[in-house]
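Counting in the numbering used here, the sequence shown runs from 1 upward without gaps. All C-beta atoms, glycine included, are put in the ideal place defined by N, C-alpha and C. The structure displayed is predicted, hence computed values, not measured ones.
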Amino acid sequence: MAKQLLLSFQTPINGRDSQFHNAMAKPYVPHDVLDETAKTSLVGLGSGFFIAAIQNALSKRNVGAMSVFTRGAPIIGICAAGPGAYAFFSRTMMNLREKDDAWAAAFGGFMCGSVLGLPFRRTPIVLALGAFVGTAQGLFHVSGGRLDSLYKEEDEFERNETIRRTTRLPVEQTVAELGEGRGIRPPGYEERRRERIKEKYGFEVNPVSATAEGSQ
């Protein structure tokens with residue numbers, strides 16, 4: 001195992017830059033569409049209930065507590081259906097294409113905006129809201145999911161792991177960092193070992209064969 005490790009460090013790499021960029025691309029992990037859709041819909045449901053409660057509290061009419069559900073049912077339903085549509089369609093598109101990119105986010109945003117435009121009952125408004133939300137979601141994905149930068153914040157540990165996997169160190173540097181012994185025996189190891197034993201213990205070790213004949 002140790003010899004294979006040393007050989008791997010000595011193996012040159014052709015096209016190191018291309019391998020580095022390929023390693024930077026994360027492998028795609030499939031999404032659990034139903035689970036993420038349910039969680040997103042629950043968050044939207046809570047948001048819709050909060051908005052309906054505020055609307056009910058600010059009403060000038062004398063309404064009861066149950067009017068949050070009766071009068072606010074459309075708001076609660078739309079707030080739950082919109083994010084749910086985004087999660088369902090975007091994650092489904094990601095799983096089908098096996099890519100987590102801006103196109104999937106834009107498609108999910110278009111479906112979410114279309115759902116939000118359904119209460120207006122006008123096709124131009126539905127398409128306009130879908131295009132607006134889809135464009136916003138696509139641009140937000142391109143910017144790395146951040147509002148203050150167009151680039152993703154690089155994880156230091158992940159970057160170091162990528163460099164470690166794609167970079168071959170010279171065997172001399174590996175031996176200097178890990179040390180000799182424990183199965184790591186670079187050229188000249190036996191001579192240096194005998195010298196260290198002689199300096200430390202004061203006697204010289206003659207290289208002999210570790211067999212019955214060599215011990216006689």
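So Ile75 and Ile54 are supposed to be a Cβ contact under 8 Å. How far apart are they, rounded?
That belief does not hold up - the Cβ atoms of Ile75 and Ile54 are roughly 10 Å apart, past 8 Å.
Beta-carbon contacts of Ser47 that lie in its chain and below 7 Å, excluding the five residues immediately before and after
Taking Ser47 as the centre and dropping the five residues before and after it, the same chain places the C-beta of Cys79 closer than 7 Å to its C-beta, in chain order.
Count the other CB atoms, across all protein chains shown, that sit within 10 Å of the CB of Met66; report buried if there are 16 or more and exposed otherwise.
The Cβ neighbour count for Met66, taken over all protein chains shown within 10 Å, is under 16; the residue is labelled exposed.
Pairwise C-alpha distance: Arg194 and Gly188
Going from the Cα of Gly188 to the Cα of Arg194 covers about 10 Å.
Is the distance from the Cβ of Val33 to the Cβ of Thr92 below 9 Å?
In this structure, Val33 sits near Thr92, with a CB-CB distance shorter than 9 Å.
Between Ser114 and Leu96, how many whole angstroms is the CB-CB distance? I'm expecting something under 8 Å.
In this structure, Ser114 and Leu96 do not form a Cβ contact; the two beta carbons are roughly 19 Å apart against a cut-off of 8 Å.
Reduced DSSP category for Asn160 - H, G, I as helix; E, B as strand; rest coil:
Residue state, collapsed to three classes: helix.
So, helix, strand or coil for Arg122, using DSSP?
Coil at Arg122, not helix or strand.
Between Val43 and Pro83, how many whole angstroms is the CB-CB distance? I'm expecting something under 8 Å.
Their Cβ separation, rounded to whole angstroms, is 6 Å, which keeps Val43 and Pro83 in contact under 8 Å.
Closest by CA to Gly77, which one among Glu158, Pro170 and Cys112?
Looking at the Cα atoms, Cys112 is the closest of the given residues.
Buried versus exposed, by CB contacts within 10 Å (16 or more), Glu199:
If you draw a 10 Å sphere on the C-beta of Glu199, you find fewer than 16 other C-beta atoms in it, and that means exposed.
Which two residues bound the contiguous alpha helix (DSSP H) that contains Phe107?
Phe107 -> alpha helix (DSSP H) spans Ala102 to Gly117.
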